[in-house]
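*Asks:* This is the structure, below, for whatever I ask next.
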Amino acid sequence: MSDSCPQPISPPGKWPDRYTRQMLFTPVGEEGQRRLSSAHVLLVGCGALGSVIANLLTRAGVGHLRIVDRDVLDATNLHRQVLFDEADLAADLPKAEAARRKLVAINSDVHIEAVVADANPENIRELAEGADLLLDGTDNFETRYLLNDLAVATSRPWIYGACVGATGLSLVVLPGETPCLRCIFEEAPPPEATGTCDTVGILGPTPSLVASHQALEAMKILIGRLDAVDRRLWSFDAWANHWSRVDVGKARQPGDCPCCVGRRFEYLEGRHATRTITLCGRNAVQIFPRRTGHIDFAQLADRLRPVARAEPRCNGFVFKALIENYELTLFADGRALIRGTNRAEEAKAVYARYIGA
Ligand SMILES: [Zn+2]
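Okay, so the sequence shown: first residue is -1 according to this note's numbering, each after it adds one.
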């Protein structure tokens, strides 16, 4: 064996050879690897961010990875959701299960659990049971605020990630020590103000950048190296070559944040949860999202025009757009009617993809 290919630092059999290069990195070492292998992680959302996070943490040898996702794979996911392939698409697999099948083939040492469900106030505590760390692979603020509430309420770290186009954000939240998500973004942006991957597009490398940052910070936390954790808001526009780390240390002011200062866990209590009603016989689901303020229909029409099957229509009361096999009807108070499905999870996913937040 050459000098450039050293012996495993642990006796054969103690650790699989697969981790030797990771353990050679001094801050990890054998102790760090041991900690990783006993760690339990909850990953909510297994799309573009989640599939990269799950891939990296499985290869790194975390002990237990629970993956929660409500969605089924579609062809438009494949350019960026790196765990999935055409066979998964042909099999109509839910993303969580397709991910599990890939991940157990990558590393059979890791206990991978796939949960095909919508993470919500009713089930999030159970989903997070035993988890040392919560990871955000979602596409909506409602679930992120739910994770934020749970993390702060139970003093567990979590890592936020978001991306669209060529831009991305990542933030580690260490409850009691660093600002929480609501310290920085107290309310979700109005739906017409921000695009989603399904309206303004996304480049494949963008989520890989964000998720790699999330996975790296996750490893620091799981091996107990909090001193190395990035406490700033990591932000970039990779197309414009702009990268920044924003100091958010002063985002939390006394009496300022309803969550980590006021300790009001409104999302965990379900006060802001999106409610749905399936309209029997009409192949439609009515959605009552958490929404404040007026929705700018004209701005929303501009955003949805490129992906709609026909020109979106709106008046002062109602907005309509035909997208994929759905008809989206949106009322000025934020209430929505999604025609084309009887499934609440599917309707919520469509709402998150095209309306946002
Ligand atoms: Zn806060």
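Ideal Cβ placement from N, Cα and C applies to all residues, glycine included. Here the structure is a predicted model, which is why all the values come from computation and not from measurement.
Apply the 10 Å Cβ neighbour rule to Ala52 and answer buried if 16 or more other Cβ atoms are within range, or exposed otherwise.
*Replies:* Numbered from its first residue, the sequence shown carries residue 52 at position 54. By the 10 Å Cβ count, Ala52 comes out buried.
*Asks:* Would you kindly report the start and end of the unbroken alpha helix (DSSP H) that includes Asp147?
*Replies:* Mapped onto the sequence shown, residue 147 falls at position 149. Per DSSP, Asp147 belongs to the alpha helix (DSSP H) from 139 to 151.
*Asks:* As a quick exercise: from Val171, Val162, Gly163, pick the residue whose alpha carbon is nearest that of Tyr143.
*Replies:* Numbered from 1 along the sequence shown, position 145 holds the residue referred to as residue 143. Measuring from the Cα of Tyr143, the nearest candidate turns out to be Val171.
*Asks:* Under 8 angstroms Cβ to Cβ from Leu71, same chain only, skipping five residues before and after it: list those, please.
*Replies:* Numbered from its first residue, the sequence shown carries residue 71 at position 73. Taken in chain order, the residues that qualify are Gln79, Phe82, Asp86, Leu87, Asp90, Leu91, Pro92, Lys93, Ala96.
*Asks:* Measure the beta-carbon distance from Asp107 to Val39 and round it to whole angstroms, keeping in mind my assumption that it falls under 8 angstroms.
*Replies:* Residue numbering aside, residue 107 sits at position 109 when the sequence shown is read from its first letter. Residue numbering aside, residue 39 sits at position 41 when the sequence shown is read from its first letter. Incorrect: roughly 14 angstroms between the Cβ atoms, too far for contact.
*Asks:* Do three or more CB pairs link the stretch 328 to 342 to the stretch 273 to 287 at distances below 8 angstroms?
*Replies:* In short, these stretches touch, since the Cβ pair count reaches three.
*Asks:* Pick helix, strand or coil for Gln284, following the three-state DSSP scheme.
*Replies:* The count along the sequence shown starts at 1 and reaches residue 284 at position 286. The answer is strand: DSSP assigns Gln284 an E or B state.
*Asks:* Which whole-angstrom value is the C-beta distance of Ser210 and Leu22, which I expect to be below 8 angstroms?
*Replies:* In the sequence shown, residue 210 corresponds to position 212, counting from 1. In the sequence shown, residue 22 corresponds to position 24, counting from 1. That belief does not hold up - the Cβ atoms of Ser210 and Leu22 are roughly 20 angstroms apart, past 8 angstroms.
*Asks:* For Ile182, which of helix, strand or coil comes out of DSSP?
*Replies:* Within the sequence shown, residue 182 is the residue found at index 184, counting from 1. Ile182 falls in the helix class under three-state DSSP.
*Asks:* Are Cys258 and Arg269 closer than 8 angstroms when you measure CB to CB?
*Replies:* As a working mapping, residue 258 is identified with position 260 in the sequence shown. As a working mapping, residue 269 is identified with position 271 in the sequence shown. No. Outside cutoff.
*Asks:* Note the first and the last residue of the continuous beta strand (DSSP E) segment covering Asn65.
*Replies:* On the sequence shown, residue 65 is found 67 positions in, with the first residue counted as 1. Per the sequence shown, the amino acid found at residue 65 is Ile instead of Asn. Start and end: 62 to 67.
*Asks:* Tell me, to the nearest whole angstrom, how far the beta carbon of Ile182 is from that of Leu231; I am working on the premise that it is less than 8 angstroms.
*Replies:* For the purposes of this step, residue 182 is taken as residue 184 along the sequence shown, with counting starting at 1. For the purposes of this step, residue 231 is taken as residue 233 along the sequence shown, with counting starting at 1. The pair is a contact, with the Cβ atoms about 7 angstroms apart (cut-off 8 angstroms).
*Asks:* How would you write the range of the alpha helix (DSSP H) that Val246 sits in, first residue to last?
*Replies:* Numbered from 1 along the sequence shown, position 248 holds the residue referred to as residue 246. Note, Val246: premise wrong, no alpha helix (DSSP H); not H, not E.
*Asks:* Pick helix, strand or coil for Asp15, following the three-state DSSP scheme.
*Replies:* Within the sequence shown, numbered from 1, the residue matching residue 15 stands at position 17. It is helical.
*Asks:* Considering only the alpha carbon of each residue, which of Ile275, Thr141, Pro173 lies closest to Glu267?
*Replies:* Taking the first residue of the sequence shown as position 1, residue 267 is located at position 269. The residue with the shortest Cα to Cα distance from Glu267 is Thr141.
*Asks:* Can you give me the Cβ contacts of Leu335 inside the same chain, cut-off strictly under 7 angstroms, excluding the 5 residues immediately before and after it?
*Replies:* Numbered from 1 along the sequence shown, position 337 holds the residue referred to as residue 335. Here the set comprises Ala282, Gln284, Thr327.
*Asks:* From this set, Glu175, Pro205, Arg180, Thr197, which residue's C-alpha is nearest Thr165's C-alpha?
*Replies:* Counted from its first residue, the sequence shown places residue 165 at position 167. Thr165 has its Cα closest to that of Pro205, out of Glu175, Pro205, Arg180, Thr197.
*Asks:* Using C-beta distances below 6 angstroms, list every residue in its chain close to His109, excluding the 5 sequence neighbours before and after it, in chain order.
*Replies:* As a position in the sequence shown, residue 109 is number 111, starting the count at 1. For His109, where only same-chain residues beyond five positions count, the Cβ hits under 6 angstroms are His62.
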